Amino acid sequence: KRALKAKPEGQAPARNPKERAAKQGAVRLQALSAGMSRPLKDMLDVVERLQAGRRLHPFEQRLCELTITAYEKGGAPPLPRVLGEVKELRKECIECGKRWAAECKSAPSARAADEAQKLGFEDMALLADEGRDAVGHLVELVKNLRQVPVVQLLVPSVVLVGAPNVGKSSIVKRISSGEPEVNNYPFTTRGVTVGHVHNPDVFAVFGKDCQVMDTPGMLERADDERNEMEELTVASMLYLPTAVIFVMDPTGMSGTPFPAQRRIRDALRERFPRRPWVDVVSKADAERGADYDAELEPAGALHVSAEDSTNMDTLTGRVHEMLGEVATVLQQRVAKVQEEGAAGGEA
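Right under this line is the structure:
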């Protein structure tokens with residue numbers, strides 16, 4: 001409809017009906033071509049820029065990769081194929097617009113110019129119909145990429161890690177300064193609870209409250225077998241300035257046996273030995289399950305309950321201690337980057 005309203009601008013007035021129809025048809029076809037090709041270019045640029053990782057923090061880059069992986073696993077064609085089809089569609093739209101605009105300009109009569117415009121619109125409609133599926137897949141992917149929640153990348157944070165259903169989100173709610181928000185990622189089946197902790201010392205340096213978030217549950221399996229939700233948990237520990245609260249459920253109700261929870265914990269601790277870390281046994285107010293073994297608890301583990309507040313004050317104090325540790329390391333890294341940047345500028 002917009003293309004049909006397009007009018008020649010900056011051109012001398014048409015001298016006769018033939019010239020008027022030729023100019024009008026060419027302008028409308030060029031407008032339709034641009035109206036179809038420009039949005040395609042914008043979407044292609046979004047995906048290719050994210051794939052290249054330009055100006056992206058490693059955590060953001062990993063989220064994009066996980067979103068794309070989940071998109072392909074959801075039944076969509078492989079992304080390279082979709083991108084190839086959309087690129088070809090855009091190329092054909094541009095060529096079609098140019099070809100029929102030229103036909104309009106060279107038409108021997110006003111009627112011929114009108115007919116060329118009509119045929120050009122029909123050809124463009126056919127192209128749009130042929131590329132509908134590929135464009136639909138790309139639109140959905142770009143929508144998912146744009147909906148990826150934003151987290152503070154350079155603020156000390158605490159992540160709660162553990163098997164599914166061990167009580168991580170309940171603990172987040174209890175130690176947060178305010179009401180936590182729920183972040184929904186395209187590749188997770190449930191939201192990730194993100195709260196904030198006000199630490200005056202950290203706030204004085206970074207000007208922001210610290211983040212505290214639960215993470216998708218980890219299962220006992222090899223790293224190369226992990227799904228996108230588990231990879232989000234690993235990425236938060238790998239790329240964000242975080243301390244870790246590892247949560248174990250002793251009640252037998254989480255679905256992951258207590259011995260398996262300990263093995264998950266040990267594997268992660270071995271991978272991230274330098275992270276500030278506190279072990280927590282949740283649901284201290286509940287009965288222990290049949291597979292619970294006190295000897296499997298990590299040394300110094302803190303027994304807490306989000307229900308009756310058992311040791312929640314102690315845990316909150318430990319959280320502030322760990323945030324201070326993370327802040328110190330983060331300040332050192334920022335200072336080092338600034339020094340290297342200054343040295344590079346002088347060279």
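For the sequence shown, UniProt numbering begins at 1 and goes up steadily by one.
Ideal Cβ placement from N, Cα and C applies to all residues, glycine included.
As the structure is a prediction and not an experimental result, all values here were calculated from the model.
Worksheet item: Any idea what DSSP makes of Ala243, helix, strand or coil?
Response: Looking at Ala243 - three-state DSSP - the assignment turns out to be strand.
Discussion item. In whole angstroms, give me the CA-to-CA distance for Val280 and Arg288.
Written reply: Whole-angstrom Cα-Cα distance: 15 Å.
Worksheet item: If we ignore side chains and look at the alpha-carbon of each, how far apart do Ala113 and Gly136 end up?
Response: Rounded to whole angstroms, the separation of the alpha carbons of Gly136 and Ala113 is 33 Å.
Item to complete: For the beta strand (DSSP E) holding His196, just list the boundary residues, first then last.
Response: Per DSSP, His196 belongs to the beta strand (DSSP E) from Val192 to Val197.
Discussion item. Please state the DSSP three-state secondary structure of Leu219.
Written reply: The three-state reading of DSSP puts Leu219 in coil, since its state is none of H, G, I, E or B.
Fill in: Ordered list of alpha helix (DSSP H) runs contained in the stretch 86-153, each at least 4 residues
Here the runs fully enclosed are 110-130 and 132-146.
Worksheet entry | Burial state of Leu141 (16 or more Cβ within 10 Å) | Buried, by the Cβ-count rule.
Discussion item. Going by beta-carbon coordinates alone, are Thr242 and Val326 separated by less than 8 Å?
Written reply: Closer than 8 Å, so yes.
Practice prompt. Could you have a look at Gly84 and say whether DSSP puts it in helix, strand or coil?
Written response: It is helical.
Worksheet entry | CB-CB length for Phe206 against Val155, believed under 8 Å | Rounded, the Cβ-Cβ distance is 5 Å, consistent with contact.
Item to complete: Go through its chain and collect everything with a Cβ distance to Val139's Cβ below 8 Å, but skip five positions before and after it.
Response: Correct list, in chain order: Met43.
Worksheet item: Val262 to Arg269, Cα distance in whole Å?
Response: For clarity, residue 262 is Arg in the given sequence; the question names Val instead. The alpha-carbon atoms of Arg262 and Arg269 are separated by roughly 10 Å.
Worksheet item: How should Gln24 be labelled, buried or exposed, when 16 other C-beta atoms within 10 angstroms of its C-beta is the threshold for buried?
Response: Gln24 counts as buried, since no fewer than 16 other beta carbons sit within 10 angstroms of its beta carbon.
Discussion item. Tell me the DSSP secondary structure of Met213 in three-state form.
Written reply: It is a strand residue.
Item to complete: Assuming Pro298 and Arg265 form a contact by the criterion Cβ under 8 Å, report the distance between their Cβ atoms to the nearest whole angstrom.
Response: Contact flag correct, Cβ pair sits at about 7 Å.
Fill in: Start and end residues, alpha helix (DSSP H) containing Asp249
First-last for Asp249: undefined, no H or E at that position.
Worksheet item: Relative to the alpha-carbon of Cys104, which residue among Asp201, Leu29, Leu160 and Thr328 has its alpha-carbon at the smallest distance?
Response: Answer by Cα proximity: Leu29.
Practice prompt. Assign Glu181 to one of three DSSP states: helix, strand, or coil.
Written response: When secondary structure is reduced to three states using DSSP, Glu181 falls in the strand class.
Discussion item. Less than 6 Å between C-beta atoms, sequence neighbours within five positions excluded: which residues of the same chain meet that for Met237?
Written reply: Take Met237, set aside five residues on each side of it, and the residues of its chain with a beta-carbon closer than 6 Å to its own are Phe272, in chain order.
Discussion item. I'd like to confirm the pairing. Which residues does DSSP put opposite Ser157 in its beta bridges?
Written reply: Beta-bridge pairing links Ser157 to Gln211 and Thr242.
Worksheet item: Under 8 Å between the Cβ atoms of Val197 and Ser176?
Response: In this structure, the beta-carbon distance from Val197 to Ser176 falls below 8 Å.
Item to complete: Could you round the C-beta distance between Val194 and Asn184 to whole angstroms and report it? I think they count as a contact, below 8 Å.
Response: Between Asn184 and Val194 the Cβ distance is about 11 Å, and since that is not below 8 Å, they are no contact.
Worksheet item: Where does His320 sit, in a helix, a strand or coil, going by DSSP?
Response: Here His320 sits in helix by DSSP.
Worksheet entry | Glu95 versus Asn144: straight-line alpha-carbon distance, rounded | Glu95 and Asn144 have their C-alpha atoms roughly 30 Å apart.
Item to complete: Please work out which residues of its chain come closer than 6 Å, Cβ to Cβ, to Val278, disregarding the five sequence neighbours upstream and downstream, and give them in chain order.
Response: Ile245 and Arg318.
Fill in: Same chain, Cβ closer than 8 Å to Gly255, five either side skipped, listed in chain order
Closer than 8 Å at Cβ, skipping near neighbours: Ala163, Pro164 and Asn165.
Worksheet entry | Option in Ala286, Asn199 and Leu330 with minimal Cα separation from residue 349 | Missing from the structure shown is residue 349; the chain here goes from 1 to 347 and no further.
Discussion item. One question on the structure: do Arg62 and Ala267 come within less than 8 Å of each other, judged by their Cβ atoms?
Written reply: Cβ distance not < 8 Å, so Arg62 and Ala267 don't count as in contact.
Worksheet item: Over what stretch of residues does the beta strand (DSSP E) that includes Asp279 continue unbroken?
Response: Where Asp279 is concerned, the enclosing beta strand (DSSP E) stretches over Trp277 to Val281.
Worksheet item: Who are the Cβ neighbours of Leu315 in its own chain at under 7 Å, not counting the five residues just before and after it?
Response: Hits under 7 Å: Ile175, Val280, Leu302 and Val304.
Discussion item. If distances are taken between C-alpha atoms only, which option among Arg90, Gln338 and Ser106 comes closest to Gly131?
Written reply: With distances taken between Cα atoms, Gly131 lies closest to Arg90.
Discussion item. Alpha carbons only, please: which of Asn199, Cys64 and Asp129 is nearest the one belonging to Val148?
Written reply: Comparing Cα positions, the closest option is Cys64.
Practice prompt. Figure out for me which residue from Asn199, Gly167 and Arg274 has the closest Cα to the Cα of residue 348.
Written response: Nothing in the structure corresponds to residue 348, since the chain is present only between 1 and 347.
Worksheet item: When DSSP builds the beta bridges, which residues end up paired with Leu302?
Response: BP columns for Leu302 point to Val280.
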